[in-house]
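These protein sequences, in sequence, are chains A and B.
Heads up: the first sequence at position 319 corresponds to 318 in numbering that gives the first Met the number 0, and the numbers run straight through without jumps.
Heads up: the second sequence at position 386 corresponds to 385 in numbering that gives the first Met the number 0, and the numbers run straight through without jumps.
Written below as structure tokens is the structure these notes are about.
Number of protein chains: 2
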Amino acid sequence: MSSNLAVIEEVRVKECDEEEDEKKKKSNVDWQRATPSEHVPAHILTNLDRTNKPGTQDQGFQLAAAYVSDAQYARNIPFQTGENAIWCYHFYTKWVTKFPMYLFLVLDMALALVESPAIPGMEWPFWASMLVEFLCLVAFAGRLVHLSMFTERRMFWRDGKNICVVVAIIVTAIDMVVYLVLTEGHWNIRWSRVLRPVFAINFSESRQLRRAFCNIRRTLLGIISVFILFLFSIATFSLLALKLFGNQHLTTYHGSPYFDNYLNALFDLYVLVTTANSPDVMMPAYNKSSWYSLFFIVYIVVNTYLFMSIFLAVVYNGYRKHLKNEVRTSVFNKRRSMGCAFHALCEPLNEDMVMSQSTWLKLVSVVAPTMSEGHRMLLWQVSDEEHQGYIGKRVFTRLADLLNIEVVEQWRRPHPLEQCAPRAYNSRLSCLVRQAVRHRFFRYVFDVVIFVNAIFIAIDDTVMAIQKAEWVFLVLYLIEILLKLYTYEPRTFFLLSKFWNWFDTIIVVIALIYAIVVHSSSYSTEVLDFLFILRVLRLLRIVDNFYRLRIVIQTLINIAPTMATHAALIMVFYYSFAILGMELFYGKVQFFPTPSTPEEHMCGNPLLVGSEFVQRQYCKNNFNNIVSASVLLIQLTVVNQWHVLASGFVITSDISARLYFIVFHMIVVILLINIFIAFVLEAFILEYTLDRGKTESAIERKIQELGLGITMQELENKEEMLIENMEHSGNELERNENGQTAEKCIMFKISEKRYRTVNALLQRMFEQDLGDEPEEEVDAVPRQCTFDGIL
Amino acid sequence: MSSNLAVIEEVRVKECDEEEDEKKKKSNVDWQRATPSEHVPAHILTNLDRTNKPGTQDQGFQLAAAYVSDAQYARNIPFQTGENAIWCYHFYTKWVTKFPMYLFLVLDMALALVESPAIPGMEWPFWASMLVEFLCLVAFAGRLVHLSMFTERRMFWRDGKNICVVVAIIVTAIDMVVYLVLTEGHWNIRWSRVLRPVFAINFSESRQLRRAFCNIRRTLLGIISVFILFLFSIATFSLLALKLFGNQHLTTYHGSPYFDNYLNALFDLYVLVTTANSPDVMMPAYNKSSWYSLFFIVYIVVNTYLFMSIFLAVVYNGYRKHLKNEVRTSVFNKRRSMGCAFHALCEPLNEDMVMSQSTWLKLVSVVAPTMSEGHRMLLWQVSDEEHQGYIGKRVFTRLADLLNIEVVEQWRRPHPLEQCAPRAYNSRLSCLVRQAVRHRFFRYVFDVVIFVNAIFIAIDDTVMAIQKAEWVFLVLYLIEILLKLYTYEPRTFFLLSKFWNWFDTIIVVIALIYAIVVHSSSYSTEVLDFLFILRVLRLLRIVDNFYRLRIVIQTLINIAPTMATHAALIMVFYYSFAILGMELFYGKVQFFPTPSTPEEHMCGNPLLVGSEFVQRQYCKNNFNNIVSASVLLIQLTVVNQWHVLASGFVITSDISARLYFIVFHMIVVILLINIFIAFVLEAFILEYTLDRGKTESAIERKIQELGLGITMQELENKEEMLIENMEHSGNELERNENGQTAEKCIMFKISEKRYRTVNALLQRMFEQDLGDEPEEEVDAVPRQCTFDGIL
């Protein structure tokens, strides 16, 4: 697969090269040379603005914009450069077409909720769910046809993921027909549903997911040798255990035989690796003789601690290596895309090819139509540091990174009360109140109030005095919000980014309504109860006050999007396992909310009589619908008692059912969870220790230089003084032209939520290693890279 | 503490400086200059050999040797340079004094076995154990006095670890006296026993342990903020759980109330973080409504997965940082020690200070008296690459690393049978047999035999035919060993490094004896049974055949010594917790091998009636002696069912007993096990990916240059042809002088067991980052280092 992808690359390079013969003449020195030649006469700059090929100007911008947004979002689809193809590609990457795709992907997966076996009360007739599935298939096929419209036929069919999708569509279609034909004969199995995640992984909409999947596939190869050793170790220890304990006629605490045959010994010791049966499996032998505990201690140290650590080490090591390789390829692709964009729009100037300011600004407005004029000018000033009016290719390449950095604009806005009644609002008393609210003691006081409230909640609330206290707290919270609304500008107070303000207000308003309803009618519902309980979460606001704790939370928030990718991948695996489990174990175990007959007490299956599964009331942990199955799989992921959960299905079906649970443990717990931990390890250490990246620093420096900036520290200190705003209305432009006023009113800061794309985080992870390689070196990189998995 | 240690350093630097005023004149360039001036006339070299201060020559060697061995073993004891002090110090570092110290340390700890509460049948009268403890204290005090004899008084009392030891000795003595006085009144608590690990950690004999301990102490500071956040998260979730489930009158599967008060909710949710009560704690709520599962899923994702990963990340990050800092300090100390050694013995030559070959060789023979002449010459040739006959300071500094690399000498030795009956042994048939045995198919055949044997073992061995088969296997193994002894030289075959040969032979001989005994008398004992079962371990030999599996095992073996340090540290914590547990929970739970009365069925405590602790037959998990307590603590470390184990002691004593178990979990599982995993992660990734270090490469290159070498690869291919030997007898010297013969007979290779000291591994971990800094830069390092914890 990697070879045909390399071909795609090759062709793409060729496409670029056709437009840029002059590129070959350039050397690394050229990049440097373009910069120092300062003060270009005004008429040359004007000349540059006139494009050489007037007919193709718009097409050139469209093409360049496509390349730039490819670079920005780390896409790598080999589109053709014809006018129609570009338009098609542009349309392909628009939300208008992407959003329905996500919708259909979710819809296709969600069908499991209503297909038989469905969630009770939600079952659709089979023709309805199959109709929806058919629509989804049509949508997937349509997307594929759309893709084929702007890629070369040869490229299209050489791409593994397209073939995967086509095969999955065909297999699903066949399975649907077979099901329709055989459904009269109660043929109830629809295996092709297991394939649904194939769509989720292979559509380029879910590039991150696919990348994580490819990464896992490669990491898998690395751990196989350790895995074999691990299995070998378990097999050998099982043999030892069989010989040591097999003939001693011991029994476990629930009376079953102890290490009576090899397969049972193997299973018991595999469970011990997961620690799920930890002291129990040892107790019979340990009660016989203390020396036997040595066997189990050695076993646990070797298999649970050593091997599990080594798994983590190998996964972590492999994961980093592959990720680094992929990011390097991705950086290489980005630079080439930017190179192509540059050559679509550049103009000659003194032997060099450069891009003029007006072209650059137009290009950016095409690429990011929602970006404000001020933001665009800021980015230009970051790029054109020497004020030359044009930039070279090397500087242009940074545009993709610049676009990925979120810059927040903010300016003052007067309080509406100040506009209505300026005198009263600015009176001495009013100013005093506002100052008091802005003072940090105001915050501290309410932190204490929240804490006291939490203690009251923890104490039993049947006491009357405490119920009365609820009213006091509610009134206090209401006063707090009103005071804040009086002090701060309301629109600023309710910005989308001000999570805690929204949270406080909603909770307090709901609590108020609830309290009034309860007081007037003593009517209580569970949902309202739950919302009321959420008040407790206000305690989190206290944490936000401590710097060291806040950076931990900030780090978590920063790595959250990438973590979500891994979570999504785990869910994709859950889905397949859940479907498989439903096909295998449907109806074996049943749950009765209020069991009456003895059989209902045994999860509806007499085979389970006296088993630990029934004793521990695990009947609801079954595969009878997708939700139950998912909850069960989550419990299996947590590992504890998984052997008891497995036993329920082993007893009701067959001993081979253990295989399902063991495979699930190996794939999800040993592989996926370790990869998840490896990612958190890598990302957390990086976020926790490193400062912001180079490009961000450059922007920040420029913001400071221009006097437009506020650093994070200043912001923290003067938070009360500054009013943030992110709206992109037109009026900031007028102000910007007013010189002095503009400097005071518009301010930029780099958003704390820095990473617009997952790729930017990943790239930053290895920024130090990648360095600022000139393009010549970068061109040499693909030799070592594998392209597999990038597309 | 770090400041007074800095003073020690200062004084030590001063001592060095007094002997080396010329050092100040030197610059980095000098190091380079010393090397190229080749072909020094012979008379100059002879002059160099004559030392300038004949009277102090021996003392100079002793001083230099002390410095070199300090550098080699990364010791950093600030000894005085007087003749008596050096002699004292020399004696202090000798095995003669060190070994008894280890013995007393072990003895002191081992007293817990025989002190009340002792292991049944092993109890000593209290005066006997206290006599031994008194002897131990005397030994520790003696060691301290010895240390004070060669260190400055002021330095001695400023060293935190000396003060720790003194305080521990005094406190223990007081406790002993109090116990002796009050023992008549049955005052049975001896708290000072908890302090015993203080000796194990603080004596400089256990430097590695102390370093690991210091590292943990510092890592602890780093995770506190995350830990607070983690506890806060649990506290908030508990409050939510209390409100959500507290008033619903649910019960757990054994009928106890569900989230009935805040402390229980807190404990239940803390247990859920460890996953020990994973599905059980959720089932009552989940059975009521599926939506409630969301609460637990969110809780597990946040607290178990996210926070535990972050703990690992923070621990890993902090651990690496501190380790790196420490290793840097250690390298700095090593270089300074070597510098001091150099200046004690160097002689002037053309403005430079150099060390002649004869001085160097004499020094090495003082430092490493057991090293063979050939090995010494090899090291000299590695050092003196230009064949100048002398070396400069920079090259001399490498000596410490060279000494730490294990070089194996090996040469041919004829087979005894060849000496007795050369003709018969070299006959055609005999040669054929030997060739066959050396062929790899011989190994494969016996691997298959072992595998088949393992299968036979796995099958029930009551069948007669299989018992017969045992004889066949036994005979086959016997034949294998005899054939190998015929082919290979017996002394080579039974080298200490040939683990598998020893293992095979011992197992087969024992199995033979056993089989004969069983056959003749049908007498069977458990011990023999166990040994017989060990045959199964021969399966490991199969693993050794696969390259990828072997490197995993080799990596494990390489990091084993350092891993052992961490294991020892964990054991030290176990010891303190075990003693504490014995003081707190002695006799609460009792174990009766064959319980008869109802009370004996309830672990001898009626309070436990009907508890899960009794149901699961956990009675032997008690604190009644040090062995039981240790096994129990290991079970708590494995985490599973720890809440059930804790419940036994909570029921029989008080709810505050939970604190003991929670603190144990926090310290051992969250902190120590994570540090262990962090170490394995770091060391395994390094060992698995990197090649050997620079110094080793230099030696290997030199071995190859001299034609004395065999690389590892050659060794693997020609293993059958080469016969290894590690003995250090005198006869290799004679051969060495025979020119040609020597080259064929003596061979060196770098041992696969490369790290003589843990420090060498650690140093190699960060070799890349440390670089080959010239000493001027190194001298600047201590500003950033903390010296705390190195001494």
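No residue lacks a Cβ here, since even glycine has one placed at the ideal position from N, Cα and C.
Here the structure is a predicted model, which is why all the values come from computation and not from measurement.
Contact belief for residue i with residue j at Cβ below 8 Å, rounded distance in angstroms
i	j	result
A/Gly-586	A/Tyr-617	Their Cβ separation, rounded to whole angstroms, is 16 Å, which puts A/Gly-586 and A/Tyr-617 out of contact at 8 Å.
A/Tyr-389	A/Val-366	Between A/Val-366 and A/Tyr-389 the Cβ distance is about 18 Å, and since that is not below 8 Å, they are no contact.
A/Phe-804	A/Tyr-298	Past the boundaries of the shown model lies residue 804 of chain A; chain A is included only from 0 to 790, so the question cannot be answered.
B/Met-562	B/Val-679	7 Å
A/Pro-196	A/Leu-249	So it is not a contact: roughly 45 Å between Cβ atoms.
Candidates the options: closest to residue i by CA position
i	options	result
B/Cys-430	B/Leu-416, B/Tyr-443, B/Ile-506	B/Leu-416
B/Val-363	B/Met-352, B/Met-337, B/Gln-387, B/Leu-348	B/Met-337
B/Phe-258	B/Asp-351, B/His-438, B/Gly-245	B/Gly-245
B/Leu-181	B/Phe-125, B/Phe-198, B/Val-507	B/Phe-125
A/Pro-278	B/Met-570, B/Thr-636, B/Ile-676	B/Thr-636
A/Gly-159	A/Ile-200, A/Thr-303, A/Gly-609	A/Ile-200
A/Val-626	A/Gly-59, A/Leu-112, A/Pro-77, A/Ala-64	A/Leu-112
A/Arg-142	A/Met-121, A/Ile-456, A/Tyr-101, A/Glu-122	A/Tyr-101
Beta-carbon contacts of residue i that lie in its chain and below 8 Å, excluding the five residues immediately before and after
i	result
A/Pro-99	Ala-138
A/Arg-74	Ser-68, Thr-92, Ser-203, Arg-206
A/Met-129	Met-175, Tyr-178, Leu-179
B/Asn-831	It is not possible to answer for residue 831 of chain B, since the shown part of chain B is limited to 0 through 790.
B/Lys-13	The predicted position of B/Lys-13 is uncertain, since its pLDDT is 39 and thus under 50; a value taken from the coordinates is nonetheless stated next. For B/Lys-13, where only same-chain residues beyond five positions count, there are no Cβ hits under 8 Å.
Cut-off 7 Å between Cβ atoms - residues of its own chain near residue i, not counting five sequence neighbours on either side
i	result
A/Glu-599	Phe-591
B/Phe-576	Leu-632, Phe-663
A/Asn-500	Phe-492, Phe-493
B/Phe-266	Arg-657
B/Phe-90	Thr-96
A/His-414	Tyr-424, Glu-488
A/Leu-106	Val-131, Cys-135
B/Cys-163	Val-197, Asn-201
Residues of its chain near residue i, where Cβ-Cβ distance is below 6 Å and the 5 sequence neighbours each way are ignored
i	result
A/Val-471	none
B/Phe-103	Cys-135, Ala-138
A/Ile-309	Val-225
A/Ala-682	Ile-558
Element boundaries [alpha helix (DSSP H), containing residue i]
i	result
B/Met-148	125-149
B/Met-352	B/Met-352 -> not in any alpha helix (DSSP H); beta strand (DSSP E) instead, spanning 351-355.
A/Tyr-91	82-92
A/Ala-563	546-584
B/Ile-633	625-637
B/Ala-234	206-244
Residue i: first and last residue of the uninterrupted beta strand (DSSP E) it sits in
i	result
B/Glu-346	346-348
Residue i: CB within 7 Å of a non-hydrogen atom of the ligand NAP
i	result
A/Arg-549	In the structure on display, the ligand NAP does not appear, and there are no ligands present to speak of.
At a CB distance below 8 Å, what residues from the segment 242-259 of chain A approach chain B? Give them in sequence order.
Taking 8 Å as the Cβ-Cβ cut-off against chain B, the residues of the segment 242-259 of chain A that qualify are Lys-242, Leu-243, Tyr-252.
Where the segment 432-455 of chain A meets chain B: residues whose CB sits under 7 Å from a CB there
From the segment 432-455 of chain A, only Ala-453 have a Cβ closer than 7 Å to chain B.
Taking beta-carbon pairs under 7 Å, can you tell me which members of the segment 600-630 of chain B lie near chain A?
Identification of residues in the segment 600-630 of chain B having a C-beta nearer than 7 Å to some C-beta of chain A yields Gln-614, Arg-615, Gln-616, Tyr-617, Lys-619, Asn-620, Val-626, Val-630, given in sequence order.
Can you pull out the residues from the segment 108-119 of chain A whose beta carbon lies closer than 8 Å to at least one beta carbon of chain B?
Cβ contacts with chain B come from no residue of the segment 108-119 of chain A.
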